[in-house]
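S.K.: Mapping to the working numbering: the sequence shown position 93 is 93, numbers consecutive.
Ideal Cβ placement from N, Cα and C applies to all residues, glycine included.
This structure is a prediction, so every number in the text was calculated from the model and none was measured.
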Amino acid sequence: MTRFADFHKRSISDRDGFWAEQAALIDWHKPFEQVCDYSHPPFAKWFVGGQTNLCHNAVDRHLATRADQNALIFVSTETEQERVYSFRELHAEVQRMAACLLDLGVKKGDRVLVYMPMIPEAAFAMLACTRIGAIHSVVFGGFASGSLASRIEDATPTVVVSADAGSRGGKVVAYKPLLDEALRLSSHKPGKVLMVDRGLSPFQRVADRDVDYAPLREKHLKTEVPCVWVDSTHPSYTLYTSGTTGKPKGVQRDTGGYAVALAASMKHIFQGQAGETYFSASDIGWVVGHSYIIYGPLIAGMATIMYEGLPIRPDAGIWWSLVEKYKVSLMFTAPTAVRVLKKHDAALLTKYDLSSLRTLFLAGEPLDEPTAQWIAQGLGKPVIDNYWQTETGWPILTIANGVEKAPTKFGSPGFAMYGYDVKLLDDATGKELTEPNQKGVLVIEGPLPPGCMQTVWRDDERFINTYWKTIPGRLVYSTFDWGIRDADGYYFILGRTDDVINVAGHRLGTREIEESISSHPAVAEVAVVGVADQLKGQVAMAFVVVKDAGSIPDDAAKLKLEGDIMKTVDGQLGAVARPARVRFVTALPKTRSGKLLRRAIQAVCEQRDPGDLTTIEDPSALQQIRDLL
Ligand code: ATP
Ligand code: MG
Numbered sequence: 001m002t003r004f005a006d007f008h009k010r011s012i013s014d015r016d017g018f019w020a021e022q023a024a025l026i027d028w029h030k031p032f033e034q035v036c037d038y039s040h041p042p043f044a045k046w047f048v049g050g051q052t053n054l055c056h057n058a059v060d061r062h063l064a065t066r067a068d069q070n071a072l073i074f075v076s077t078e079t080e081q082e083r084v085y086s087f088r089e090l091h092a093e094v095q096r097m098a099a100c101l102l103d104l105g106v107k108k109g110d111r112v113l114v115y116m117p118m119i120p121e122a123a124f125a126m127l128a129c130t131r132i133g134a135i136h137s138v139v140f141g142g143f144a145s146g147s148l149a150s151r152i153e154d155a156t157p158t159v160v161v162s163a164d165a166g167s168r169g170g171k172v173v174a175y176k177p178l179l180d181e182a183l184r185l186s187s188h189k190p191g192k193v194l195m196v197d198r199g200l201s202p203f204q205r206v207a208d209r210d211v212d213y214a215p216l217r218e219k220h221l222k223t224e225v226p227c228v229w230v231d232s233t234h235p236s237y238t239l240y241t242s243g244t245t246g247k248p249k250g251v252q253r254d255t256g257g258y259a260v261a262l263a264a265s266m267k268h269i270f271q272g273q274a275g276e277t278y279f280s281a282s283d284i285g286w287v288v289g290h291s292y293i294i295y296g297p298l299i300a301g302m303a304t305i306m307y308e309g310l311p312i313r314p315d316a317g318i319w320w321s322l323v324e325k326y327k328v329s330l331m332f333t334a335p336t337a338v339r340v341l342k343k344h345d346a347a348l349l350t351k352y353d354l355s356s357l358r359t360l361f362l363a364g365e366p367l368d369e370p371t372a373q374w375i376a377q378g379l380g381k382p383v384i385d386n387y388w389q390t391e392t393g394w395p396i397l398t399i400a401n402g403v404e405k406a407p408t409k410f411g412s413p414g415f416a417m418y419g420y421d422v423k424l425l426d427d428a429t430g431k432e433l434t435e436p437n438q439k440g441v442l443v444i445e446g447p448l449p450p451g452c453m454q455t456v457w458r459d460d461e462r463f464i465n466t467y468w469k470t471i472p473g474r475l476v477y478s479t480f481d482w483g484i485r486d487a488d489g490y491y492f493i494l495g496r497t498d499d500v501i502n503v504a505g506h507r508l509g510t511r512e513i514e515e516s517i518s519s520h521p522a523v524a525e526v527a528v529v530g531v532a533d534q535l536k537g538q539v540a541m542a543f544v545v546v547k548d549a550g551s552i553p554d555d556a557a558k559l560k561l562e563g564d565i566m567k568t569v570d571g572q573l574g575a576v577a578r579p580a581r582v583r584f585v586t587a588l589p590k591t592r593s594g595k596l597l598r599r600a601i602q603a604v605c606e607q608r609d610p611g612d613l614t615t616i617e618d619p620s621a622l623q624q625i626r627d628l629l
């Protein structure tokens, strides 16, 4: 058996011993008495009796050894700002923000909703919350009023922290009017709104409710706010899933388990060293932003880059110029961003000195082989796919080079990480599939490891009913993703359980068809959905964005390309998987986190109501499809 296999095996068979060792990676104010309390499944309590603090582990504990090293590097290509905070400065700013929140009446256990662009104050607000035991609920900046209102109602915050505006591609997006409207719509009214004024968009203050951050901060320049020691099981935050498959779920996370899980992942999976720089090009509105912009890198004593801007402005080399400038060692982004870069000059990938960069991590959606190859070859660096969910907070499937160096397989995020007892279940019989190369639903046997969701915020019933089911004698958590495991233990994700289509009795994952289509050299992006068909039950429909950015081929070229693409699928998967039609669009409908909204495309194709679209990025992309039909 290999080292990793042993490591994984022990994490399951000697669960408590294994995690007790990992727990030594963080500081505890009071040691825990019990590693895991799973007496009320599926609810798992980690490090029971222990007390700690996330902000202490991310900031304060580094002061003794690295106070003057970089902690937070803020870069905005929107406002042309760049600002570096050392751990000492970050510590000071977090205390100032914490003092402001206390001033506004925030108490331990209160929720603070953070509706912010990617600016340092957003990081200060998150860390200030965990510092004082308040529960942050970050809502992706720029969400429309309706989406924001429903989250305000669910989280019932005491205070909302916001800013006048964000900016995207040079265009100012005023947040305050959106927030005002959301607060008008919501039946819950927070007592105070703390406003960071960036000077981008003048805004109206509501008397007795809206408070400007800058003057309040001035009052607290020297206020010391010690970390509040909280129980390991104290909630640190709530965060909503991306809403790809329906109404978003409010994920609730603990404190101790999360800190341990992140510290362990930084060591075993990401291999980040204190003093180095981590660049996660995501947004604090998503789980990647929580785990791998803010908490993970800082807990590991690394500097983290917070980037406001597009990956292609001023040009598609901007990220790599930051890698050079800040000597980034580890980088993290989503395949969708790589696909955006892929439409631009590949020479930009090698224009800068990337010698500091060791690895590029990608997560969030299936990483197709052509995209993976393009970026890996272009950068000349290893690319590591990792598969996880908002619910789990850290990778379920990937490779852990910090434990044992393992090869990557294109198309596979890797094998089950330590702590995760991953299984595949037969969809029809519900039985566990033990042979290699069988297709099943990817589930995790409880308890979920540290760092994963504790429950759905204020809705234990929904947590149980949504995610858990019993297979003979065992309780398993469903990821709602299809997977397949090969003989080496590598998993391949075949798509969402509701993304399987049934063509004349053949069950096909939309992902497989997409993968095949995207291997065609003219294709930049593709979405495949199953559409009801009288004859065959369902047929596959493909929507394609061609590589030549933003253009639609002319009719003759379309016809030829459609035929070519069908031939490609025929050759790779067989005629049964061939899409009935290939249609060309300039953009695909995605969530704001870059995930394909297949269910919405499918609904439009079947002339149904597309359902909850609160997280859609660009409604006109869906309109294009509507217009085509
Ligand atoms: P919702 O649960 O509200 O429908 P969502 O599932 O898109 O939204 P997230 O938690 O942001 O919300 O996304 C997790 C999902 O993203 C996974 O369940 C999986 O479908 C997909 N995913 C994430 N990483 C990968 C990856 N590396 N390869 C394939 N799929 C991935
Ligand atoms: Mg999900």
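I'd like to know if the segment 232-241 and the segment 367-387 are in contact, where contact means that at least 3 CB-CB pairs between them fall below 8 Å.
M.R.: No, the segment 232-241 does not touch the segment 367-387.
S.K.: Who are the near neighbours of Arg217 in its chain, counting only those whose CB is closer than 7 Å to its CB and skipping five residues on each side?
M.R.: Within the same chain, Arg217 has close Cβ partners Arg96 and Cys100.
S.K.: Can you tell me whether Gln630 sits near ligand 1, meaning its C-beta is under 6 Å from at least one heavy atom of the ligand?
M.R.: What is shown of the chain runs 1 to 629, which leaves residue 630 out entirely.
S.K.: Could you name the residues that DSSP lists as bridge partners for Thr470?
M.R.: The partner list for Thr470 (beta bridge, DSSP) reads Leu475.
S.K.: Check whether the Cβ atoms of Val159 and Val225 sit closer than 7 Å, and answer yes or no.
M.R.: No, Cβ-Cβ distance for Val159 and Val225 is not below 7 Å.
S.K.: Tell me the residue span of the beta strand (DSSP E) that contains Ser167.
M.R.: Its beta strand (DSSP E) spans residues Ala165 to Arg168.
S.K.: In the structure shown, what three-state DSSP assignment does His136 receive?
M.R.: Strand, per DSSP.
S.K.: Taking 7 Å as the cut-off, decide whether the C-beta atoms of Ala303 and Ile26 are in contact.
M.R.: No, these two residues do not count as a Cβ contact at 7 Å.
S.K.: Can you tell me whether Thr241 sits near ligand 2, meaning its C-beta is under 6 Å from at least one heavy atom of the ligand?
M.R.: At least one heavy atom of ligand 2 is nearer than 6 Å to the Cβ of Thr241, so yes.
S.K.: Does the distance from the CB of Thr524 to the CB of Lys343 come in under 7 Å?
M.R.: Note that residue 524 is Ala in the sequence shown here, rather than Thr. Against a cut-off of 7 Å, the Cβ pair of Lys343 and Ala524 comes out as a contact.
S.K.: Looking at the structure shown, is Lys567 part of a helix, part of a strand, or coil, going by DSSP?
M.R.: Reduced to three states, the DSSP call for Lys567 is helix.
S.K.: Counting Cβ pairs closer than 8 Å, one from the segment 570-577 and one from the segment 500-519, do we hit at least three?
M.R.: Output reads yes: the segment 500-519 touches the segment 570-577.
S.K.: Name the two residues that bound the continuous alpha helix (DSSP H) containing Phe7.
M.R.: Taken as a continuous stretch (DSSP letters only), the alpha helix (DSSP H) holding Phe7 covers Arg3 to Ser13.
S.K.: Would you please state the rounded distance, in angstroms, between the beta carbons of Ala400 and Phe18? I believe it to be under 8 Å.
M.R.: Incorrect: roughly 13 Å between the Cβ atoms, too far for contact.
S.K.: Are the segment 433-453 and the segment 479-486 touching, with three or more C-beta to C-beta distances below 8 Å?
M.R.: Yes, they touch.
S.K.: Going by CA-CA distance only, name the one from His520, Ala92, Gly414 and Asp554 that's closest to Asp488.
M.R.: It is Gly414.
S.K.: Counting beta carbon pairs with one atom in the segment 239-256 and one in the segment 607-617, are three or more of them shorter than 8 Å?
M.R.: Because the criterion of three Cβ pairs below 8 Å is met, the segment 607-617 and the segment 239-256 touch.
S.K.: Find out if the Cβ-Cβ distance for the pair Arg61, Phe87 is shorter than 7 Å.
M.R.: Contact: no.
S.K.: Pop quiz: Gln538 and Val528 are said to be a contact at Cβ under 8 Å. What is the actual Cβ separation, rounded to whole angstroms?
M.R.: So it is not a contact: roughly 11 Å between Cβ atoms.
S.K.: Consult DSSP for Val114 and reduce its assignment to one of helix, strand or coil.
M.R.: Strand, per DSSP.
S.K.: For Lys590, is the beta carbon positioned less than 6 Å from some heavy atom of ligand 1?
M.R.: No; taking the cut-off as 6 Å, the Cβ of Lys590 has no heavy atom of ligand 1 nearer than that.
S.K.: Once the 5 residues before and after Glu324 are set aside, which same chain residues still bring their CB inside 6 Å of it?
M.R.: Here the set comprises Tyr352 and Asp353.
S.K.: Going by beta-carbon coordinates alone, are Val161 and Val106 separated by less than 7 Å?
M.R.: Contact flag unset, no.
S.K.: What is the rounded straight-line gap between the Cα of Ile384 and the Cα of Ile493?
M.R.: Spanning the two alpha carbons is a distance of roughly 15 Å.
S.K.: Give the straight-line distance between the Cα atoms of Gly589 and Leu63, rounded to the nearest whole angstrom.
M.R.: Sequence inspection shows Pro at residue 589; the Gly mentioned does not correspond to that position. Computed Cα separation, rounded: 45 Å.
S.K.: I'd like to know whether the C-beta atoms of Ser282 and Trp394 end up nearer to each other than 7 Å.
M.R.: Contact flag unset, no.
S.K.: For the candidate residues Ala263, Met306 and Lys567, whose alpha-carbon lies nearest to that of Arg83?
M.R.: That would be Met306, whose Cα lies nearest to the Cα of Arg83.
S.K.: Would you mind working out which of Ala557, Thr510 and Val585 sits nearest Arg598, comparing C-alpha positions?
M.R.: Nearest of Ala557, Thr510 and Val585 to Arg598, Cα basis: Thr510.
S.K.: Which residues mark the beginning and the end of the alpha helix (DSSP H) in which Ala214 is found?
M.R.: Its alpha helix (DSSP H) spans residues Tyr213 to Lys219.
S.K.: State yes or no: is the C-beta of Ile493 nearer than 6 Å to some heavy atom of ligand 1?
M.R.: Under cutoff, so the answer is yes.
S.K.: Who are the near neighbours of Trp457 in its chain, counting only those whose CB is closer than 6 Å to its CB and skipping five residues on each side?
M.R.: If we look at Trp457 and ignore the five residues flanking it on each side, its Cβ neighbours are Thr238, Gly250 and Gln252.
S.K.: CB Ile294 to CB Met126, shorter than 7 Å?
M.R.: Yes, the pair counts as a contact, with Cβ atoms nearer than the cut-off.
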